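Per the numbering used here, the very first residue in the sequence shown carries number 1; after that it's consecutive.
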Amino acid sequence: MRLRHRTFSPLLLAALAVVLLVQTGVTRGQVKHYNPPRQAPEFNLPGLDGQKHALSDYRGRVLVLSAWASWCMPCREELPEFARARDELAGRYPEAVFMTVNLGETGARARSWMNKAGLDLPVLLATTKFLEKYGFMVVPSILVFDRDGRLAVLRSGWTPGMDLAEELSRDLTSLGKRAAR
Numbered sequence: 001m002r003l004r005h006r007t008f009s010p011l012l013l014a015a016l017a018v019v020l021l022v023q024t025g026v027t028r029g030q031v032k033h034y035n036p037p038r039q040a041p042e043f044n045l046p047g048l049d050g051q052k053h054a055l056s057d058y059r060g061r062v063l064v065l066s067a068w069a070s071w072c073m074p075c076r077e078e079l080p081e082f083a084r085a086r087d088e089l090a091g092r093y094p095e096a097v098f099m100t101v102n103l104g105e106t107g108a109r110a111r112s113w114m115n116k117a118g119l120d121l122p123v124l125l126a127t128t129k130f131l132e133k134y135g136f137m138v139v140p141s142i143l144v145f146d147r148d149g150r151l152a153v154l155r156s157g158w159t160p161g162m163d164l165a166e167e168l169s170r171d172l173t174s175l176g177k178r179a180a181r
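Next up, the structure:
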């Protein structure tokens, strides 16, 4: 019996790698600091609280959004750390608002996953077009908007063991220094 060797085209392998990356989330974090911050497109998203939330609603505050999906394993690691960071930083940065954006899932699914995880975080609901609108294609991602609604920091992916509270504290301190200038 003869064995046949199949070769796969590099294009097919690259496409498979992209699909797997998007399906499983990214586990190596990358950070972009925009200096000056980048003008951000407006959003108007429904929340699990029954309210609509627009970027402009948070002018004068720093908005920290964690984009996630329940099927994304790195998101499942990142969200509890995001909640811990919010709890730790809320007193030091009262101007900061921490929220999450669930991508492409129903409100019932997002609520169910948050309840099972024991997390009490505000959840906004968006389609995957939200990713493209803000220039990122991976989850989890954290977007930090300055007081003028401009995108100041984009954290794409998740690095296990990272101290997210410390990283976000640096981002928020940096924004405070920029505002003081």
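From the three backbone atoms N, C-alpha and C, an ideal C-beta is built for every residue, glycine too.
Only a predicted model underlies this, so the values are computations on that prediction, with no experimental measurement involved.
Notebook entry, point to check: Are there three or more Cβ pairs, one per stretch, closer than 8 Å when the region 108-121 is compared with the region 135-154?
Noted result: Contact fails between the region 108-121 and the region 135-154, because fewer than three Cβ pairs, one in each stretch, are under 8 Å apart.
Margin query: Any contact between the region 158-168 and the region 75-86? By contact I mean 3 or more CB pairs, one from each, below 8 Å.
Written below: yes
Next item on the list: Provide the residue span of the alpha helix (DSSP H) that contains residue 36, from first to last.
Entry: Careful: residue 36 lies outside any alpha helix (DSSP H), inside the beta strand (DSSP E) at 30-39.
Notebook entry, point to check: Taking C-alpha atoms, which residue in 89, 57, 82 and 61 lies nearest to residue 67?
Noted result: 82
Check: Roughly how many angstroms separate the alpha carbons of residue 100 and residue 141, rounded to a whole number?
Finding: Going by the C-alpha atoms only, they are around 10 Å apart.
Next item on the list: Determine, using beta carbons only, whether residue 152 and residue 53 come nearer to each other than 9 Å.
Entry: no
Margin query: Rounded to whole angstroms, what is the Cα-Cα separation between residue 35 and residue 154?
Written below: 12 Å
Check: When the Cα of residue 109 is compared with those of 48, 64 and 91, which residue comes out closest?
Finding: 48
Margin query: Cutting at 8 Å between CB atoms, please list the residues of its own chain near residue 165, excluding the five before and the five after it.
Written below: Listed in chain order, the non-local C-beta contacts of residue 165 below 8 Å within the same chain comprise 81, 84, 85, 88 and 89, local neighbours out to five positions each way being set aside.
Notebook entry, point to check: Is the CB-CB distance between residue 144 and residue 168 below 9 Å?
Noted result: At a Cβ-Cβ threshold of 9 Å, residue 144 and residue 168 count as neighbours.
Next item on the list: Evaluate residue 105 with the Cβ neighbour count: other Cβ atoms within 10 Å of its Cβ, from every protein chain shown; 16 or more gives buried, anything less gives exposed.
Entry: The residue is buried, with at least 16 neighbouring Cβ atoms inside 10 Å.
Note to self: Rounding to the nearest angstrom, what Cα-Cα distance links residue 59 and residue 65 in this structure?
What the structure shows: 14 Å
Next item on the list: Rank 29, 31, 40 and 30 by C-alpha distance to the C-alpha of residue 132 and give the top, closest one.
Entry: 40
Next item on the list: Ignore the nearest five residues each way along the sequence and tell me which others in residue 93's own chain have a CB closer than 6 Å to its CB.
Entry: 172
Check: Between which two residues does the beta strand (DSSP E) carrying residue 46 extend?
Finding: 44-46
Next item on the list: Just the C-alpha distance for residue 70 and residue 116, rounded to the nearest angstrom, thanks.
Entry: 11 Å
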